[in-house]
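Working notes, structure below.
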Amino acid sequence: MAFKADPGPARLEDIRGKVAIVGIGEAAHSAASGRSPDDMAFQAIDAALRDAGLKPEQVDGLMVTGSTAGQLTADRFRAHYGLDHEIWTSGKGGAFSWAATAPHEAYAAIATGQASVILNVFAINWASQQAADAGGPATAHLAEEMKANAEVVFGFIPQPVYFAHVARRHFELYGTRPEQLGAIAVNSRRHANGHPGAVMREKVLTLEQYSAREPFIDPLRIEDCCLISDGAGAYIMTSAERAGDFPKPPVIVEGVGYGGAIEGMHFAMEPEFASTPHRFSAPGAFAMAGLSPADVDVLAVYDPFTIVALMAIEDLGFCPKGDAGQFVEGDRLAFDRGRSNGGLPFNTHGGMLSHSYLLGINHVVELVRQLRGEAANQVRNAEVAVYGGYSGVDAGTLIMRRG
Amino acid sequence: MPEASPLPLPDLEHGPIAPLWRAASQGEFRLPRCISCGAFDWYPKGECAQCHSLDIDWCKLSGRGSLFSWAIVRRALHRPLAPLTPYISAIIVIAEDRVTRFVTRLIDCEPAELYAGMPVEVRFADLGYQATATGIIAPLFTKTDTTGRDEV
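Written out as structure tokens, the structure reads:
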């Protein structure tokens, strides 16, 4: 990500109860497939429009991740559907932390009359790119001049190496153990096994199998790292006042928070090395929503590595800092244990570890399904859902409620 | 399998930390430090974060430090690094300022003996030490003869 966030928590305007999510859609997710990002984006958009009962000409706002190459433009949207109307656009959407903060940005456009039906979409073909040696998640890091001269030359690249150091530091500070990271990997895989569309749907993973694997970037095993996928996801936002005009039960945005890492892309220099910027983004989101982590029925967290998921659980406030290792053991994170039984249903689609590497957009899609009661691994009576978005350099928190 | 590419190398002439690499070739470990207040400017921003002085110089250090975190890289996902595997990637903190971190590689250490706070010291060696010669001298680190656990 060639992107620099302001360090620390952002002050966001209160948008509690102002924005509704009224449509969701996904493309088929896969390993390297040769499909183009636009082809997959339009597959996800078509599904989202059907879901919301909307026609392409009714979309007058488009949000994408501006810093990720190959994302959809208003021109290509119009060309694809044979339209010529004006479309408000923003590059502060799509996936990562912006899949969390897009509703905040969207509300500014809705409130000022610039747009009324806003499509947030993200498509990625990093699996195909990596297979062709043409790019992938390490590209931006390799290109950064300081890293090239002070890190890459020593072998400190790419992300699995960074997060192996973070995991080791967490182990040393808090006594966290590899099997506790394994509990997250195993839980995510179990959820993927029960989820149509999950890339790892057919592949079982037990804690015994996890432990038997030799760490390839010690202390991380392959199973601690997310997939690399081709795919796309989309969701459609509108004013909460109009939420009743759509076929599916609406989901209302209750809180949004955002915060940046102190040292940006220089993870090795981050003062709180074994923490994430979720610690900056979460408090504002919960304050806006008037809720606390105890009120949350289902959580989805951007999970590039098990250690990032583990730290996010702490930094979002679901357990004290340093305690997440013990917290995630056993079936605590299973969709069918539930908050009333001391559980925390977590990444119920399998996350980036086992569903697909869609950089968070389909975490939000999954949570909307949970709040509608139409999820594959349905959490009973799910009313409040939280997405913890992340990009390495920043974090966004999105709190949603069944409308 | 295609032959592995050469190791990635620093820019000794115009890179942002060329003075560090030139110092290493002379057997010195230098980092940028504020002349006015002594705070380290690492990674270099060109202005002291403590006192905002622009008077910063690459100062010679003891080359001692403590292990902060590490990873045993058995498989290189960045293909040009493949000749180095297996290797110990490490972040150390320097003895002069225990919050200033330096990314490096540990050499002549066993994975099982490592712990946070382990005293380490610089060893100037070829960047491709024990793997492939690059002709570039790098500040790599190894354990010291003294034992103990530094607060890191």
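Sequences listed follow chains A and B, in order. When the letters of the first sequence are read in order and numbered with the working numbering, they come out as residues 1 to 403. When the letters of the second sequence are read in order and numbered with the working numbering, they come out as residues 1001 to 1152. Where is the CB? At the ideal position from N, CA and C, for every residue including glycine.
query: Going by C-alpha to C-alpha distance, which of Val199/A, Phe346/A, Ile45/A sits closest to Thr306/A?; result: Phe346/A
query: Consult DSSP for Leu119/A and reduce its assignment to one of helix, strand or coil.; result: strand
query: With DSSP as the reference, identify every bridge partner of Phe1141/B, one or two as the case may be.; result: Leu1106/B, Val1122/B
query: By a C-beta neighbour count over all protein chains shown, 10 Å radius and 16 as the cutoff for buried, is Lys147/A buried or exposed?; result: buried
query: In chain B, which residues lie with their C-beta within 7 angstroms of the C-beta of Gly264/A?; result: Correct list: empty, because the minimum Cβ distance to chain B is about 10 angstroms.
query: Checking the sheet assignment: what are the DSSP bridge partners for Cys225/A?; result: Phe305/A
query: With a threshold of 8 angstroms, are at least 3 pairs of Cβ atoms found where one atom belongs to the segment 51-71 of chain A and the other to the segment 90-108 of chain A?; result: yes
query: Give the straight-line distance between the Cα atoms of Gly1065/B and Glu329/A, rounded to the nearest whole angstrom.; result: 35 angstroms
query: Nearest to His355/A by alpha carbon, out of Asp230/A, Phe327/A, Gly325/A, Arg337/A?; result: Asp230/A
query: Return the first residue and the last residue of the beta strand (DSSP E) that Thr238/A is part of.; result: 230-239
query: Taking buried to mean at least 16 other C-beta atoms within 10 Å of its own C-beta, is Tyr357/A buried or exposed?; result: buried
query: Are the segment 44-57 of chain A and the segment 125-139 of chain A in contact at 8 angstroms, needing three or more beta carbon pairs?; result: no
query: I need the DSSP call for Thr101/A, collapsed to helix, strand or coil.; result: helix
query: In the DSSP assignment, the beta strand (DSSP E) including Asp75/A goes from what residue to what residue?; result: Here Asp75/A belongs to no beta strand (DSSP E); instead the alpha helix (DSSP H) covers 74-81.
query: Under 7 angstroms between beta-carbons, which chain A residues line up against Asp1011/B? List them in chain order, please.; result: Asn149
query: If the cut is a Cβ gap below 8 angstroms, which residues of chain B does Glu145/A touch?; result: Gly1015, Pro1016
query: For Thr1100/B, which of helix, strand or coil comes out of DSSP?; result: strand
query: I think Val1122/B touches Pro1139/B, with their Cβ atoms under 8 angstroms apart; what is that distance to the nearest whole Å?; result: 5 angstroms
query: How far does the alpha helix (DSSP H) with Glu366/A in it extend, from its first residue to its last?; result: 361-372
query: Counting only the same chain and skipping the five closest in sequence on each side, list residues whose C-beta sits under 8 angstroms from that of Glu383/A.; result: Asp297, Leu371, Arg401, Arg402
query: Name, please, each residue of chain A whose Cβ falls closer than 7 angstroms to the Cβ of Tyr1087/B.; result: Gly155
query: Helix, strand or coil for Arg1075/B per DSSP?; result: coil
query: CB of Asp303/A to nearest heavy atom of the ligand SAH: below 8 angstroms?; result: Here there are no bound small molecules, and the ligand SAH is not part of this structure.
query: Alpha carbon to alpha carbon, how far is His85/A from Ile228/A? Give it in angstroms, no decimals.; result: 36 angstroms
query: Hey, would you say Ala1071/B sits closer than 9 angstroms to His165/A, going by beta carbons?; result: yes
query: If Asp394/A and Tyr302/A are in contact, beta carbons under 8 angstroms, what's the gap, nearest whole angstrom?; result: So it is not a contact: roughly 11 angstroms between Cβ atoms.
query: For Asp1041/B, does the three-state DSSP call read helix, strand or coil?; result: coil
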